[in-house]
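Peer 1:
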Amino acid sequence: MAHQEPEFSAALTHALTDAVLVQASANELDKYSELADQAGCGLVVTGKDAIGGLRTMRQAGMNAPVLVDRRRYAGKRRMPGTAPLTASWLQAQYEAGATAILTDSGYVGCGDEPALDAVLSQTAAYQRRWDGKATLWAVLPLHQSWLRGQRATLTGYLRQYRVPVALVLEHATDPLGTQVAVQGLVKVLDAPVPVALLCTDVSALGALAFGAVFAAVGVRTSLRHLYPQTENGPRPTGVTSTLVDPVLSIVSTNKIATAYAASPDDQVWQCCCEYCHGRDLTWLATAGQVQANHHTFTALLARREEMELIPRGDRRRRWWRSCCSDALWNYDALQLVERHRWTVPGFLKAWDAG
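Position one of the sequence shown corresponds to residue 1 (the UniProt record's numbering), numbered consecutively onward.
See the structure below:
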């Protein structure tokens, strides 16, 4: 079933469609604003100070899409999905110039239909009240079961309320690291409402290829998926990580340097993205995480541009599966697992399997 869009034309602005957005906290926007202010990109400003960050970006003249994710669903004191949405927060986004309005939803746990219903029904009510002055997206922070056994229930609610939704997927490591999770996401993307993905990683490209309106990639691990409440989340290690594009994996520069030393003449280590300009990736080991992120997003955006030239539907889906298949082949060809103890990301196998 194809992704259905016509009645949501107001939600699907040209600027957001197929965009890969940079998801970052308000206190680090100066590091990423120039990167994000280009075609096919934009910002998701995250946290309780996000509206101030949005306002600063608009006052500085940013034209790219800017969204605001309050992230009340995260942390050990996270709000439940049954919590009321905050009218003043929604209005402040509109007044500050948000491209679309994201709800400040709470968390929707395993089997918690009242929470799911509360988020969607409140969003629908606000959308009617606003009467078209802006488009509201229901942020849905979901336990992993909603992509598995409870998928039919989720899509039933989406058909009932028919509001755009932005998913945040919970998992201790990779919410799209299994075939069943990817299949669940694909079914949700086929629902007759616009669907987007927040707080994700390289799987942003897969989501777009399979019909997501936009996807936001976090600048660090804690913004690339939602950690369960029982988990402490990742502790800062001080180790710089970046995208190795031929294997579609975000890897520490220490591991990159070790693998590079074993085969320095292999062209796979040379990056021709507009940020690296043909240098080998080892230069990022001393460059710092911000510059490493600039490379990561530049490479992801290049892939996004490639995808944008492909008609939506089966051809895009085949393109993404081919990307994952090629990445898995490169893992084998470079013997990254056997010789260097890299770990193949589960999402590559999951998307490749379909």
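The beta carbon of each residue, even a glycine, is placed where N, CA and C say it ideally should be.
Where do the N-terminal and C-terminal ends of the beta strand (DSSP E) with A215 fall, by residue?
Peer 2: From DSSP, the beta strand (DSSP E) with A215 extends over 214 to 218.
Peer 1: Assign D326 to one of three DSSP states: helix, strand, or coil.
Peer 2: If DSSP states are grouped into helix, strand and coil, D326 belongs with the helices.
Peer 1: For D265 and L334, I'd like the C-alpha separation in whole angstroms.
Peer 2: Near 12 angstroms, if we compare the C-alpha coordinates of L334 and D265.
Peer 1: Using 10 angstroms around the beta-carbon of P311, count the other beta-carbons present and answer buried if the total reaches 16, otherwise exposed.
Peer 2: Classification of P311: exposed, given that the 10 Å Cβ count is below 16.
Peer 1: Could you check if L154 is buried or exposed, using at least 16 other CB atoms within 10 Å of its CB as the buried criterion?
Peer 2: Flag for L154 reads buried.
Peer 1: Using a Cβ-Cβ cut-off of 8 angstroms (strictly less than) and excluding sequence neighbours within five positions of L21, which residues of its own chain qualify?
Peer 2: Closer than 8 angstroms at the Cβ level, and outside the excluded window around L21, lie A36, C41, G42, L43, V44, P65, L67, F214, A215, A216, V217.
Peer 1: Is W137 helix, strand or coil by DSSP?
Peer 2: W137: strand per DSSP, three-state reduction.
Peer 1: Give me the DSSP bridge partner(s) of D69.
Peer 2: In the DSSP output, where bridge partners are listed per residue, D69 has T46.
Peer 1: By Cβ distance below 6 angstroms, which residues in the same chain neighbour W351 in space, the five residues on each side in sequence not counted?
Peer 2: Same-chain partners within the cutoff: V182, G206, C324.
Peer 1: Within the same chain, show all residues whose beta-carbon is closer than 7 angstroms to that of L284, passing over the 5 residues directly before and after it, in chain order.
Peer 2: So the qualifying residues of the chain are T240, T242, T253, Q291, A292, H295.
Peer 1: With a floor of 3 residues, list each beta strand (DSSP E) that falls wholly inside the segment 231 to 296, ordered by position along the chain.
Peer 2: Counting only runs of 3 or more, we get 241 to 244, 249 to 252.
Peer 1: Please state whether DSSP places P80 in a helix, a strand or coil.
Peer 2: Correct three-state label for P80: strand.
Peer 1: Let me confirm a value: L309 is counted as buried when at least 16 other C-beta atoms fall within 10 Å, else exposed. Which label applies?
Peer 2: Per the 10 Å Cβ criterion, exposed.
Peer 1: Going by the beta-carbon positions, is the gap between T123 and G106 smaller than 9 angstroms?
Peer 2: Contact: no.
Peer 1: Could you pull out every residue in the same chain whose Cβ sits closer than 7 angstroms to the Cβ of R317, ignoring the five residues on either side in sequence?
Peer 2: Around R317: A209, F210.
Peer 1: On a CA-only basis, which of G75, L102, R78 is nearest S88? Give me that one, please.
Peer 2: For the residues G75, L102, R78, the minimum Cα distance to S88 belongs to L102.
Peer 1: Per DSSP, what kind of secondary structure is S121 in: helix, strand or coil?
Peer 2: Three-state result, S121: helix.
Peer 1: Quick one: using the 10 Å Cβ neighbour count with 16 as the cut-off for buried, is C272 buried or exposed?
Peer 2: It counts as exposed.
Peer 1: Mapping the DSSP letters down to three states, classify V163 as helix, strand or coil.
Peer 2: Three-state result, V163: coil.
Peer 1: Check S25 in the structure and name its three-state DSSP category.
Peer 2: Three-state result, S25: strand.
Peer 1: Would you decide whether R315 is buried or exposed? Buried here means 16 or more other CB atoms lie within 10 Å of its CB.
Peer 2: Answer is exposed; the Cβ neighbour count stays below 16.
Peer 1: Can you give me the C-alpha to C-alpha distance between H340 and L248, rounded to a whole angstrom?
Peer 2: Roughly 17 angstroms separates the two Cα atoms.
Peer 1: Using the rule of at least 16 other Cβ atoms within 10 Å of the residue's Cβ for burial, across every protein chain shown, is D104 buried or exposed?
Peer 2: It counts as buried.
Peer 1: Enumerate in chain order the residues of its own chain whose CB-to-CB distance from V180 is below 7 angstroms, with the five nearest sequence positions on each side excluded.
Peer 2: R148, listed in sequence order.
Peer 1: Within its chain, find whatever has a CB closer than 8 angstroms to the CB of G278; leave out the 5 residues flanking it on each side and keep chain order.
Peer 2: These residues qualify, in order along the chain: Q270, C271, C272.
Peer 1: For L54, which option in S25, A74, R72, P80 has the closest C-alpha, if you only look at C-alpha atoms?
Peer 2: The shortest Cα separation from L54 among S25, A74, R72, P80 belongs to S25.
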